[in-house]
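Asks: Have a look at this one before I ask anything.
Protein chains: 2
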Amino acid sequence: MTTLDTPDTPFAVIDADRLDRNAARLREHLRGLGVPLRLHVKTAKSVEVADRVQAGGPITVSTLAEAEHFADAGYRDVLYAVGIDPHKLPRVAALLRRGVTLTVLLDSLAQAEALARFAHEEQIHVPALIEIDCDGHRGGVATADPALVEIGRALGGNLAGVLTHAGESYFAYTAEALHHAAQNERDTAVAAATTLRAAGLSCPVVSVGSTPTAHAATDLKGVTEVRAGNYVFFDLVMAGIGVCGTDDLALSVVVTVIGHRHDKNWIITDGGWMATSRDRGTQAQAVDQGYGLVTDVGGHLIPDLLMTGASQEHGVLSTRDGKPVPELPVGTRLRILPNHACATAAQHDRYHVVRGAHSIEATWTRHRGW
Amino acid sequence: MTTLDTPDTPFAVIDADRLDRNAARLREHLRGLGVPLRLHVKTAKSVEVADRVQAGGPITVSTLAEAEHFADAGYRDVLYAVGIDPHKLPRVAALLRRGVTLTVLLDSLAQAEALARFAHEEQIHVPALIEIDCDGHRGGVATADPALVEIGRALGGNLAGVLTHAGESYFAYTAEALHHAAQNERDTAVAAATTLRAAGLSCPVVSVGSTPTAHAATDLKGVTEVRAGNYVFFDLVMAGIGVCGTDDLALSVVVTVIGHRHDKNWIITDGGWMATSRDRGTQAQAVDQGYGLVTDVGGHLIPDLLMTGASQEHGVLSTRDGKPVPELPVGTRLRILPNHACATAAQHDRYHVVRGAHSIEATWTRHRGW
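And the structure:
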């Protein structure tokens, strides 16, 4: 029997029970709101994970390489949710010609004109959403900006709708703030769609989402789809804003104790930033979790122990309060719960899958690159 | 002709002229000191890069996967410079039996006894270095610790020597501090070797190194090899401590402008942390370079512009002093100079190689995993 004691460390593990529970939780919530999920696959980048959540269903991707990989696996309704670089349009066209409904995103007249020109020259329909800014987080057009309708007109028949992403909800630390972020995300998207429709343009798609707002939303009237991805794994950042508990975290990294510095109260492991990533997402939160919390190999939290240092292939574990670290001899295996599942997963090419007890029941591959 | 305008962004680029210059600089310096280089391949993880620096020469690796990969490419003298997890000894033995001189590292009696037991049972000689702590950076035994000789004795005929790494030299901000770190690293390693020899033990190898100390060393009497790896690429952290200039940086990431937020004075690119890593190594330095400095596609620095924000596939560029960002239309290609070359390179599976002008003359692969 292959267990979590078998492969050489470090390696990434998925707790399939938690994954299924996380998937079911959002599925039920969105069913209650009457809006379909468009899973964001950028977190796990694994066909096996997507199949488990909603096999063959609509997906969001963060790269064209993901779109191509999931298309190969039979996914036919794909939204590429990063503003389109016109240089990438030939790969978009190739996917469309394979029968994949690939929708792109943009927020400028320059992109819309380039896309319309390309679509015309190639005699192809390239569905495009206009990115709407709802909270100043990143890109997007403001609803009140006259550019919104100009971009819609420039897209012509390629206009498919609007999209917004409440990226600032990752910094919403109360239930009220999360609820407000969700309501604002919905209201902004619906307002943008209304503006386009009032200008005589067609706007079938009204897409919203982020893991925090997808869970906090109570009213999605006028919204046609919700995007979320991180929630399949969750992570310490999500736990820090209260969207999940630490016992919902489905991704961890198994490491081995390789040394001790008793004088410094350190345990040294073979899991450095190459295994966990450099993400320090909880640094800005009320409780800084370092590079992650530590559990035993069975997944039980070891109180007060956290990963406080990382070089490429070394992790340093110490205690938050200076209490002596527990006795963990060389060779002991532990698991690190990550700050940011998307970043930690990206350091690995595969996931070993466990369910409750720690026998490995499957190994799922992860895609990468652009 | 394939140029830096051809592949879809983001992608990693090596400037081969700079790589060759960086390699020659340390080669000449160490030749002057009369000590051979043991290249650390963990930065580039590329056989093509190692071949260029010192084809077939002695190397240092950070994972057994690297050891196996470079062994396949003909490298026969390999030091695995992360404290050995006894669970990994079967892979070490497999390499030794292939004729690779694979040396391992350890700093505890538990590891030494496990290794000696394994070597005895397998009837194999497993060369091991004892890690010596010279600056409190990470692991290692203090020279004065009686454990040093105990570990040496426990290793029996497997004892090959001592190793130290001045990891704190990454925080040495003056020429004097760098020189002191180099001298201390050498002195500590030689003292440990002397202690072992005084106890009647054999200590042929005295291994020291880090990129800063390798360049700052002026006296390496008693040292048998110098390890360095980052210097093939260098990065903004190394520039920040004065070991190189920004025009020595051989690794960069090509990105494309995909949007603007004029109200926030932001340029948005398609290169987020997936392309640059989350490493913020210059944050603790006198000049915080954000996620990196920005050049045009030809490699010329754009004054005052830096990458200040990163989500998974989006980068935010802004100016240090609030000056308006330059006019860079959608579709413009730029290059990001990284904080930490090891971390940025790890995000990519290949390097496009340019020399001076920006035609791509080769594509080199990068290895990963454990």
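Quick mapping for you: the protein sequence lines, in order, are chains A and B.
Quick note, in UniProt numbering, the first sequence goes up one by one and the last residue is 370.
Quick note, in UniProt numbering, the second sequence goes up one by one and the last residue is 370.
Glycine residues also receive a C-beta, built at the ideal position from the N, C-alpha and C atoms.
Values in this document were obtained by computation on a predicted structure and should not be read as measured data.
Below 8 Å on the Cβ atoms is my contact criterion, and I expect leucine 155 (chain A) with alanine 112 (chain A) to pass it. Report the Cβ-Cβ distance as a whole number of Å.
Replies: That belief holds up - the Cβ atoms of leucine 155 (chain A) and alanine 112 (chain A) are roughly 5 Å apart, short of 8 Å.
Asks: Give the interface partners of arginine 138 (chain B) over in chain A, defined as CB-CB distance under 9 Å, in chain order.
Replies: Residues of chain A passing the Cβ test: Gly259, Arg261, Trp266, Ile268, Gly309, Ser311, His314, Val316.
Asks: Based on the DSSP secondary-structure assignment, which residues constitute the bridge partners of aspartate 77 (chain B)?
Replies: For aspartate 77 (chain B), which the question treats as bridged, DSSP gives the partners B:Thr101.
Asks: Please list the terminal residues of the continuous beta strand (DSSP E) segment that includes isoleucine 132 (chain B).
Replies: From DSSP, the beta strand (DSSP E) with isoleucine 132 (chain B) extends over 128-132.
Asks: Under 8 Å by Cβ, that's how I've got glycine 271 (chain A) and threonine 9 (chain A) pegged, so tell me the actual separation to the nearest angstrom.
Replies: About 7 Å; that satisfies the 8 Å criterion.
Asks: Can you find a CB in chain B that lies within less than 7 Å of the CB of lysine 88 (chain A)?
Replies: It does; some Cβ of chain B falls within 7 Å.
Asks: Relative to the C-alpha of threonine 314 (chain B), which candidate in B:Thr256, B:His367, B:Leu95 has its C-alpha closest?
Replies: According to the sequence displayed, residue 314 (chain B) carries histidine and not threonine. Nearest C-alpha to histidine 314 (chain B): B:Thr256.
Asks: Would you kindly report the start and end of the unbroken alpha helix (DSSP H) that includes glycine 292 (chain B)?
Replies: From DSSP, glycine 292 (chain B) is part of no alpha helix (DSSP H) but of the beta strand (DSSP E) over 292-296.
Asks: Less than 7 Å between CB atoms is the rule here; does glycine 299 (chain B) satisfy it with respect to chain A?
Replies: Chain A contact via Cβ: absent.
Asks: Using Cβ-Cβ distances below 7 Å, what residues of the region 16-40 of chain B are close to chain A?
Replies: Residues: none.
Asks: How long is the line joining the alpha carbons of glycine 281 (chain B) and histidine 340 (chain B), rounded to whole angstroms?
Replies: Computed Cα separation, rounded: 6 Å.
Asks: Using a C-beta to C-beta distance shorter than 8 Å, which residues of chain A count as neighbours of valine 330 (chain B)?
Replies: Correct list: Asp85, Pro86, Ser108, Ala110, Gln111, Ala114.
Asks: Given this structure, state the Cα-to-Cα distance separating alanine 128 (chain A) from proline 204 (chain A), to the nearest angstrom.
Replies: Distance between the alpha carbons of alanine 128 (chain A) and proline 204 (chain A) is about 11 Å.
Asks: May I ask you to report which of helix, strand or coil DSSP gives proline 36 (chain B)?
Replies: In the structure shown, proline 36 (chain B) sits in coil (DSSP, three-state: anything other than H, G, I, E or B).
Asks: Would you say glycine 139 (chain A) and aspartate 187 (chain A) are within 7 Å of each other, going by their C-beta atoms?
Replies: No.
Asks: Cβ closer than 9 Å: which chain B residues qualify as neighbours of proline 10 (chain A)?
Replies: Within 9 Å Cβ-Cβ: Trp370.
Asks: Tell me the residue span of the beta strand (DSSP E) that contains leucine 11 (chain B).
Replies: Note on residue identity: the sequence assigns phenylalanine, not leucine, to residue 11 (chain B). It spans 11-15 - the beta strand (DSSP E) in which phenylalanine 11 (chain B) sits, taken as one unbroken run.
Asks: Listing by chain order, which chain B residues have their CB less than 7 Å from the CB of threonine 256 (chain A)?
Replies: Near threonine 256 (chain A) (Cβ distances below 7 Å), the residues of chain B are Asp85, His87.
Asks: Use the C-beta contact count for lysine 42 (chain A): other C-beta atoms within 10 angstroms, 16 or more gives buried, fewer gives exposed.
Replies: Per the 10 Å Cβ criterion, buried.
Asks: Out of B:Ala228, B:Gly32, B:Ala142, B:Leu148, which has the shortest C-alpha to C-alpha gap to glutamine 54 (chain B)?
Replies: Nearest C-alpha to glutamine 54 (chain B): B:Ala228.
Asks: Would a check of beta-carbon distances place alanine 144 (chain B) closer than 7 Å to chain A?
Replies: No, alanine 144 (chain B) lies away from the interface with chain A (no Cβ there is under 7 Å from its Cβ).
Asks: Using a Cβ distance threshold of 8 Å, determine whether the region 321-330 of chain A contacts the region 2-18 of chain A, with at least three qualifying pairs required.
Replies: No: fewer than three Cβ pairs fall under 8 Å.
Asks: Give the list of continuous alpha helix (DSSP H) stretches no shorter than 4 residues that lie fully inside the region 302-345 of chain B.
Replies: Fully enclosed alpha helix (DSSP H) runs of 4 or longer: 341-345.
Asks: Mapping the DSSP letters down to three states, classify alanine 228 (chain B) as helix, strand or coil.
Replies: Looking at alanine 228 (chain B) - three-state DSSP - the assignment turns out to be strand.
Asks: Could you tell me whether any Cβ in chain B is nearer than 7 Å to the Cβ of alanine 128 (chain A)?
Replies: False, the Cβ-Cβ gap to chain B never drops below 7 Å.
Asks: Give every residue of the same chain whose Cβ lies closer than 6 Å to the Cβ of leucine 89 (chain B), excluding the five residues on either side of it in the sequence, and list them in chain order.
Replies: Contacts found: Phe118.
Asks: In or out: histidine 352 (chain B) buried (at least 16 other Cβ within 10 Å) or exposed?
Replies: By the neighbour-count rule (16 or more Cβ atoms within 10 Å), histidine 352 (chain B) is buried.
Asks: Is serine 202 (chain B) close to chain A, meaning its C-beta is less than 7 Å from at least one C-beta of that chain?
Replies: No, no contact with chain A.
Asks: Counting only the same chain and skipping the five closest in sequence on each side, list residues whose C-beta sits under 8 Å from that of leucine 115 (chain A).
Replies: Answer for leucine 115 (chain A): Ile84, Pro86, Leu89, Val104, Leu106, Val126, Ala128, Leu155, Asn158, listed in chain order.
Asks: Use the C-beta contact count for aspartate 219 (chain B): other C-beta atoms within 10 angstroms, 16 or more gives buried, fewer gives exposed.
Replies: By the neighbour-count rule (16 or more Cβ atoms within 10 Å), aspartate 219 (chain B) is not buried but exposed.
Asks: Looking at chain B, is there any beta carbon in it that lies within less than 7 Å of the beta carbon of serine 277 (chain A)?
Replies: Interface residue, yes.
Asks: Between serine 359 (chain A) and arginine 18 (chain A), what straight-line distance do the alpha-carbon atoms span, to the nearest angstrom?
Replies: Their Cα atoms are separated by approximately 15 Å.
Asks: Enumerate in chain order the residues of its own chain whose CB-to-CB distance from isoleucine 151 (chain A) is below 6 Å, with the five nearest sequence positions on each side excluded.
Replies: Correct list, in chain order: Leu109, Ala112, Ile130.
Asks: Residues of chain A with a CB under 7 Å from the CB of methionine 274 (chain B): which are they?
Replies: Simply Ala346.
Asks: Would you please verify whether the beta carbon of serine 62 (chain B) is less than 7 Å from any beta carbon of chain A?
Replies: Chain A contact via Cβ: present.
Asks: Following a CB-centred definition, is histidine 358 (chain B) positioned closer than 6 Å to any heavy atom of the ligand NAD?
Replies: As for the ligand NAD, it is missing from this structure, which has no ligand bound.
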